[in-house]
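K.L.:
Residue numbers (the UniProt record's numbering): 1 to 247.
#1: Which first and last residues belong to the beta strand (DSSP E) in which residue 153 is found?
#2: Along the chain, where does the alpha helix (DSSP H) that runs through residue 187 open and close?
#3: Relative to the alpha-carbon of residue 141, which residue among 187, 174 and 153 has its alpha-carbon at the smallest distance?
#4: Could you tell me which residues DSSP puts in a beta bridge with residue 85?
#5: Could you give the distance in angstroms between the alpha-carbon of residue 196 and the alpha-carbon of residue 157?
#6: For residue 189 and residue 204, what's the separation of their Cα atoms in angstroms?
#7: To the nearest whole angstrom, what separates the beta carbons of residue 133 and residue 114, a pair I think is in contact under 8 angstroms?
#8: What whole-angstrom Cβ distance do residue 159 and residue 191 have, given they're in contact under 8 angstroms?
#9: Beta carbon of residue 117, beta carbon of residue 105: below 8 angstroms?
#10: Tell me whether residue 239 sits in a helix, a strand or coil according to DSSP, three-state version.
#11: Classify residue 139: buried if its beta carbon has 16 or more other beta carbons within 10 angstroms, exposed otherwise.
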């Protein structure tokens, strides 16, 4: 039996959407709930490891002890979580990008109303990723998510020549925001599998990326549907927010 695709609140469908969106408090609550569940899972995992350690023969105790200490240390000093905000116009492929990275598969999406938030772990680096709605009436709310952001991902529909100038204006406005003055910027040139797609060089010129002086930036060709280029871009972010190459 064929598995039905998971349906996600996304931006790839041009259907009519609701005008109301969840409050910031509700979305923050969802994020906090996920973190509490992760903490409970870590507690249970630690207890299981401890029980396994006690049941091991003396000659194998060292190996289990090491695993127990490692998990206990992580609970005491959890890895820093880096915040990424994903922006772009509607139908650019933001939600497809997020869930391809998160689940490793393509999901059925509806237009994003408000935001989606997921946790990604890439080479032992933890990211909290916010996917923001790209429709015109929702872009004015992007700034409410900027505080504490380490990296911005701007997803570009490489076939949308008619609106690339709109994205340029949004990007310039975004980069001028005080909450993003220390954020790095990754531009995903999405839909590179299509014949009429603009090249990364063409997008770089159209967006005037070379004029960006106060932010580290990088443009990455990608195809969100296949995943090509996505982890190359995420690796660039990981290196620049941590100051070292991910291992």
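The C-beta atom is built at its ideal place from N, Cα and C for all residues, glycine as well. All of these numbers come straight from a predicted model, not from anything done at the bench.
P.N.:
Reading it off the structure:
#1: 151-157
#2: Unbroken run through residue 187 is the beta strand (DSSP E), 184-190; no alpha helix (DSSP H).
#3: 174
#4: 130 and 152
#5: 11 angstroms
#6: 9 angstroms
#7: 6 angstroms
#8: 5 angstroms
#9: For residue 117 and residue 105, no; Cβs fall outside 8 angstroms.
#10: helix
#11: buried
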